[in-house]
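Chemist: Take the sequence shown: its letters are residues 9 to 607, numbered as in the working numbering.
Below is one structure. I have some questions about it.
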Amino acid sequence: MSARLNRLWAQVLIEELTRHQLDYFCISPGSRSTPLTAAVARHPQTQSRIFFDERSAAFHALGYARAREQAAVLICSSGSALAHYLPAVIEAAQDQIPILILSADRPPELQEIGANQTIRQAHLYGDYVRWFCDLPAPDSEISAVWLLRTLDQAVHASQQGPVHLNLHFREPFFDASESEIINEVATPGQFYRGLPASLSHWQQSTAPLITQAQGLLGLSAAMQQQITDALQQSQRGILLLGRLRTQAEQAAALDLAQVLGWPVFADPLSGLRLSPDLPQIDHYDLLLKTPLLTADRLQPDCILQVGQTLVSKSLLSMLSSLPIDTPYILLSASEQRQDPALRQKLALQLDLATVIPALLRDLGGTHSDLLQPLQAAAAQARQALQSCFETPALSLTEPYVMRELAAHLPADRFLLLGNSMPVRDFDMFVAAGSHSQAVFGNRGCSGIDGQVSTLAGLVQGRTQAGVLICGDLTLFHDLNALYHLPSLSHQAIVIVINNQGGGIFSLLPVQKQTDIFEPFFGTPHALQFEAAATLFGLAYAQVQQPQDFLVAWQTMLASGQAGLIEVRSERQANAEGHRLLQTSIQNAICSQSAAFMSQ
9 MSARLNRLWA QVLIEELTRH QLDYFCISPG SRSTPLTAAV ARHPQTQSRI FFDERSAAFH
69 ALGYARAREQ AAVLICSSGS ALAHYLPAVI EAAQDQIPIL ILSADRPPEL QEIGANQTIR
129 QAHLYGDYVR WFCDLPAPDS EISAVWLLRT LDQAVHASQQ GPVHLNLHFR EPFFDASESE
189 IINEVATPGQ FYRGLPASLS HWQQSTAPLI TQAQGLLGLS AAMQQQITDA LQQSQRGILL
249 LGRLRTQAEQ AAALDLAQVL GWPVFADPLS GLRLSPDLPQ IDHYDLLLKT PLLTADRLQP
309 DCILQVGQTL VSKSLLSMLS SLPIDTPYIL LSASEQRQDP ALRQKLALQL DLATVIPALL
369 RDLGGTHSDL LQPLQAAAAQ ARQALQSCFE TPALSLTEPY VMRELAAHLP ADRFLLLGNS
429 MPVRDFDMFV AAGSHSQAVF GNRGCSGIDG QVSTLAGLVQ GRTQAGVLIC GDLTLFHDLN
489 ALYHLPSLSH QAIVIVINNQ GGGIFSLLPV QKQTDIFEPF FGTPHALQFE AAATLFGLAY
549 AQVQQPQDFL VAWQTMLASG QAGLIEVRSE RQANAEGHRL LQTSIQNAIC SQSAAFMSQ
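In structure tokens form, the structure reads like this:
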């Protein structure tokens, strides 16, 4: 009876998930999760990928969900297996990425008695999941309607972040008649053996039992008038574009930027940073560090932020120094508080793709006196940077590699930015291009974990080739995920900056503590990645001279193979290069101070 009930519950759950269009499963092998794994393996409408490392599986699911804007499903056995999901669960929670976890567990009679591979799995992820349910072991006395409605609620909750269902299964997992039912799958008009007749309407259908729409707040007429008045009355407004999660949000934000005509500070993860179609202020992170572009000098009279997750530290510093009464409006789809500068006056959770067009219908003529001077400053910055990058001192620094990569990234590729320096280098040194491209990053909690796995999930979710640029410690942290790259649907390339340690710390004040810096922060090593590329069947190239990077990049692209490009860099030279670039911009802006201040 246990085997048949296990099979029935698992089949019903997987069938209902596919009816919600959740058909991508990341499975880590295990015995207790056998009913779920078997149901996925035998369902004709599922896609699955097998992971021997649960942490890698979770970040793969995260990348896939980022790409598809819908949940990927994780399946694992009991014990420590689901604990390895935690870093990705935290990232998903912070960034509202949909993930659905189905963890198998021992039944209640095996809890708290020292049974093997048994831990307290209930509420393991604490507040980082949007919803948790501890399902009982399959039982013929429990309504199948309850089971379906519980899963439907989990799917609904997952639209705002990770959800965890913990499923208890008793042994045995197969019975003597298993070979007779191996092809028994629910399709329209075909009944699961043992399912109650009360669900005959569900069995005959292809729709979920319940579908719940995600409800985001709209704008009242009074609130909409308040926002449009603030925008129209502003003379020195600035538009901030944070992370925009969907193409619909990005399109709406682009329309808003074009109508407002305000200077735009576009975050690397806004999806619009490379767009040539809006009044962007390139290199604003560097510009805001100069004495002429402080909040006191700029004196913005309105800040409008659309979207979440601002990477730039100098932008945050500028916002934090604004007068406390400066109008600062946040429009975001996120339900989480996002006010690290503690300056926002109005923060609204909204469906941006719906609300922004409504705002534009009521928005009359607007302008910003800051647009022209900020564009002039950005032009000075671009010129200063270009001159600097032509000097030998900037030959193979990390900013050089980032600029070259962005300048030669084909239109049909997406870019995943590793944390620590890559996302910051992109923010500082990459300007808008000739076309928009998708740019991603795990900035929910900004960890270096799971980056290669995220790349693989994005490739599968977008069905598009992609590239990850990351540091050496980041790659070490997720090295086993290289195993999946050759089997992906499209080409995946990893560019690793190997500076033999943690390069970001060379740019922080701790680098002056010479007695402790190297062993505790620099984390030096003498390892290279060629052997890892060979082990996992990747094409490989090493770059040690600036002229070699573009050749290696274009050769790798042309090969069509999954590959690894290792760029050898020096931490100290890189730190000096960053300082030189910042100084060159500051000198260029200060030399134009009279012209800038007169505008």
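All C-beta atoms, glycine included, are put in the ideal place defined by N, C-alpha and C.
Short of 6 Å in beta carbon distance, which residues of its chain neighbour Val363, apart from the five on each side in sequence? Order them along the chain.
Modeler: Contacts found: Leu227.
Chemist: Would you identify the three-state DSSP class for Gly510, choosing helix, strand or coil?
Modeler: Gly510 falls in the coil class under three-state DSSP.
Chemist: Check for me: the beta strand (DSSP E) holding Glu257 runs from which residue to which?
Modeler: Element bounds for Glu257: not the beta strand (DSSP E) but the alpha helix (DSSP H), Gln255 to Leu268.
Chemist: Put Gln212 into one of helix, strand or coil per three-state DSSP.
Modeler: Here Gln212 sits in helix by DSSP.
Chemist: Any chance you could list the beta strand (DSSP E) runs of at least 3 consecutive residues sitting entirely within the stretch 79-132, in chain order?
Modeler: Listed in chain order, the complete beta strand (DSSP E) runs (minimum 3 residues) inside the stretch 79-132 are 80-84 and 107-113.
Chemist: Just confirm the distance between the C-beta atoms of Leu143 and Thr158, as a whole number of angstroms; I'd bet it's less than 8 Å.
Modeler: Contact flag correct, Cβ pair sits at about 7 Å.
Chemist: Identify the continuous beta strand (DSSP E) that holds Pro381 and give its terminal residues.
Modeler: Note, Pro381: premise wrong, no beta strand (DSSP E); alpha helix (DSSP H) at Leu379 to Phe397.
Chemist: Only counting runs of 3 or more residues, tell me where the beta strand (DSSP E) segments fall wholly within the stretch 528-576, in order along the chain.
Modeler: Here the runs fully enclosed are 547-551 and 571-576.
Chemist: Excluding five sequence neighbours on each side, which residues of the same chain lie with their C-beta closer than 6 Å to the C-beta of Val551?
Modeler: Excluding residues within five positions, the ones whose Cβ falls inside 6 Å are Phe557, Ala560 and Val575.
Chemist: Going by beta carbon distance, what residues of the same chain come within less than 8 Å of Asn191, once the five residues before and after it are set aside?
Modeler: In this prediction, Asn191 scores a pLDDT of 46, lower than 50, which makes its location untrustworthy; the coordinate-derived value is nonetheless stated afterwards. Closer than 8 Å at the Cβ level, and outside the excluded window around Asn191, lie Arg50.
Chemist: Check for me: the beta strand (DSSP E) holding Leu339 runs from which residue to which?
Modeler: Run containing Leu339: Tyr336 to Ser340, per the beta strand (DSSP E) assignment.
Chemist: Tell me the DSSP secondary structure of Pro348 in three-state form.
Modeler: Note: Pro348 maps to coil in three-state DSSP.
Chemist: May I ask you to check if the CB of His498 is nearer than 8 Å to at least one heavy atom of the ligand MN?
Modeler: Ligands in the displayed structure: none, and consequently the ligand MN is not present.
Chemist: Counting Cβ pairs closer than 8 Å, one from the stretch 375-383 and one from the stretch 433-445, do we hit at least three?
Modeler: In short, these stretches do not touch, since the Cβ pair count stays below three.
Chemist: If we count the other Cβ atoms within 10 Å of its Cβ and call it buried at 16 or more, is Ser329 buried or exposed?
Modeler: Answer is exposed; the Cβ neighbour count stays below 16.
Chemist: Using beta-carbon positions only, say whether Gln313 and Tyr336 come within less than 9 Å of one another.
Modeler: Their beta carbons are under 9 Å apart, which means Gln313 touches Tyr336 by this criterion.
Chemist: From Arg138, Val137, Pro348 and Asp113, pick the residue whose C-alpha is nearest to that of Thr126; which is it?
Modeler: If we check each option's Cα against that of Thr126, Asp113 comes out closest.
Chemist: Taking the CB atoms as reference points, tell me whether Arg251 and Gln168 lie closer together than 9 Å.
Modeler: Not in contact: Arg251 and Gln168 (Cβ atoms no closer than 9 Å).
Chemist: What's the gap between the Cα of Leu262 and the Cα of Ile235?
Modeler: Cα-Cα distance, rounded: 18 Å.
Chemist: For Gly197, collect the residues of the same chain with a Cβ closer than 7 Å to its Cβ; drop the 5 residues on either side in sequence, then sort them by chain order.
Modeler: Here Gly197 scores only 39 on pLDDT, less than 50, and its place in the model is too uncertain to base an answer on.
Chemist: From the DSSP output, in three-state form, read off Phe67 for me.
Modeler: Looking at Phe67 - three-state DSSP - the assignment turns out to be helix.
Chemist: Which partner residues of Pro170 appear in the DSSP bridge assignment?
Modeler: According to DSSP, Pro170 bridges with Ile107.
Chemist: Which value, in whole angstroms, describes the spacing of the CA atoms of Ala540 and Gly455?
Modeler: Computed Cα separation, rounded: 22 Å.
Chemist: Leaving out five residues before and five after Ala260 in sequence, what residues of the same chain have Cβ atoms less than 7 Å from its Cβ?
Modeler: Closer than 7 Å at the Cβ level, and outside the excluded window around Ala260, lie Leu360, Ala361, Ile364 and Pro365.
Chemist: Taking just the CA atoms, how far does Thr399 sit from Gly465?
Modeler: Those two C-alpha atoms are separated by around 39 Å.
Chemist: Tell whether a beta-carbon distance below 9 Å holds between Glu99 and Cys84.
Modeler: Their beta carbons are not under 9 Å apart, which means Glu99 does not touch Cys84 by this criterion.
Chemist: Count the other C-beta atoms from every protein chain shown that fall within 10 angstroms of the C-beta of Trp154, then say buried if there are 16 or more, exposed otherwise.
Modeler: Exposed.
Chemist: Assign Leu516 to one of two classes, buried (16 or more other C-beta atoms within 10 Å of its C-beta) or exposed (fewer than that).
Modeler: Exposed.
Chemist: Can you tell me where the alpha helix (DSSP H) holding Gly245 begins and where it ends?
Modeler: Not the alpha helix (DSSP H): Gly245 falls in the beta strand (DSSP E), residues Gly245 to Leu249.
Chemist: Could you give the DSSP three-state label for Gly197: helix, strand or coil?
Modeler: In this prediction, Gly197 has a pLDDT of 39, which is less than 50 and means its spatial position is unreliable; nothing more can be read from the coordinates.
Chemist: Skipping 5 residues on each side, what residues in its chain have a beta carbon closer than 8 Å to that of Asn595?
Modeler: Hits under 8 Å: Ala392.
Chemist: Could you check how far apart the C-beta atoms of Pro204 and Ile107 are, in whole angstroms? I think they sit under 8 Å.
Modeler: Actually they do not touch by this definition, with Cβ atoms about 31 Å apart.
Chemist: Kindly indicate which three-state DSSP category Arg281 falls into: helix, strand or coil?
Modeler: Three-state DSSP puts Arg281 in coil, outside helix and strand.
Chemist: Suppose the cutoff is 7 Å on Cβ atoms and the five residues either side in sequence are ignored; what does the same chain contact list for Ser403 look like?
Modeler: Excluding positions up to five away in sequence, the list reads Pro554.
Chemist: What do you get for Asp486, buried or exposed, if any count of 16 or more other CB atoms within 10 angstroms of its CB means buried?
Modeler: It counts as buried.
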